[in-house]
Amino acid sequence: MEKINQAMDFCEIQRFTTQEIKLIEEYCEVMAPLAESLDFLQGEDGMLMGYLLPTLYALEKKMTILEQKNLQFCSPLVKTIKNSLKKRFSSVWNKKELIIASCLIPRFKLVWLEGCIGCNYFTAEAWLKTLFESVDESNNSENSESDYASEDFFCLPVAKKKSKKSSCMEEIELYLKSNCQDLSLLHTHPAVLKIFLEYNTPIPSSAPVERLFSTGSNVMTVIRNKLSDSLFEKLVLLKQNKMSV
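Residue numbers (the UniProt record's numbering): 1 to 245.
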């Protein structure tokens, strides 16, 4: 506020009153978690699909804490944000793919679901185990066919294999029990890594394309969908030349 007061004094404008300063402080306090969440989810480096639900869950918890504070001016704003989040994102908590994607990020696993109203901890655990059971059954089926063909070729007697715990199920259980929160953990569990890549590959953002190809942010709209190849190439070159000058 000191810099704001200096600027207002320089412009010969009346300074904010105590109540106005209090309003600004409360507004910044309430909007900060929302702004931080938006910046994080719009990140271009290291963003994964599984970050969406934990971010929404954390944002909702922060709003709940703010709602319990004795805010003088911004209590209605907190309630509006909470209601808007519920209205906009209530359906995503029913999406099995997003929950699995979040649980396959080592930082979260199943821990973030403890106390989460949107999804049950045990439901997510069951989904993960069912997923890896199906993967293991597929692998065992392929291996069995290959082994049978080999034994049949050499006219060997078919040996009875002892039932043992599936390797994929062992991997997911070891992964969930591990205390490591770094993505490098996935490299020690190849089966988990494979499913992680399948569920955590987000849809590419159009923002970098917008910044490269258009100053008016219209490339991804109907307005610019009839550009010829030659004109498109010229626009790209002109845009790049302008940036380098």
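Think of the CB as a built atom: it goes at the ideal place given N, C-alpha and C, for glycine as much as any other residue.
As the structure is a prediction and not an experimental result, all values here were calculated from the model.
Residue environment analysis places Pro190 among the exposed positions, since fewer than 16 neighbouring C-beta atoms fall within 10 angstroms of its C-beta. Inter-residue distance for Glu170 and Leu176 is about 10 angstroms (C-alpha atoms, whole angstroms). In the three-state reduction of the DSSP assignment, Met47 falls in the coil class. Two segments are said to touch when three or more pairs of C-beta atoms, one from each, lie closer than 8 angstroms; by this definition the region 41 to 52 touches the region 87 to 104.
Within the same chain, and ignoring the five residues on either side of Trp112 in sequence, the residues whose Cβ sits closer than 6 angstroms to its Cβ are Pro54. Secondary structure of Lys61 (DSSP, three-state): helix.
According to the DSSP assignment, Cys168 belongs to the alpha helix (DSSP H) that extends over Ser167 to Lys177. A distance below 8 angstroms separates the beta carbons of Val92 and Leu98.
Pro202 and Gln42 have their C-alpha atoms roughly 11 angstroms apart.
In the three-state reduction of the DSSP assignment, Met1 falls in the coil class, being assigned neither a helical nor a strand state. Counting of Cβ neighbours within 10 angstroms places Lys79 among the exposed residues, the total staying below 16. Annotation: Ser134 to Val236 spans about 47 angstroms, alpha carbon to alpha carbon. Between Lys82 and Glu67, the gap from beta carbon to beta carbon is short of 8 angstroms.
Lys194 and Ile172 have their C-alpha atoms some 12 angstroms from each other. By alpha-carbon distance to Met1, the top candidate from Glu25, Ile13, Phe10 and Glu12 is Glu25. Under the three-state reduction of DSSP output, Ser84 falls in the helix class. The C-alpha of Gln14 lies about 39 angstroms from the C-alpha of Ala58. It is roughly 33 angstroms from the alpha-carbon of Cys116 to the alpha-carbon of Lys22. The Cβ-Cβ distance between Phe196 and Leu185 does not fall below 8 angstroms. By the neighbour-count definition (other C-beta atoms within 10 Å, threshold 16), Leu131 is a buried residue.
Setting aside the 5 residues that flank it on each side, Phe73 is surrounded in the same chain by Leu23 and Glu26, each with a C-beta closer than 6 angstroms to its C-beta; the list follows chain order.
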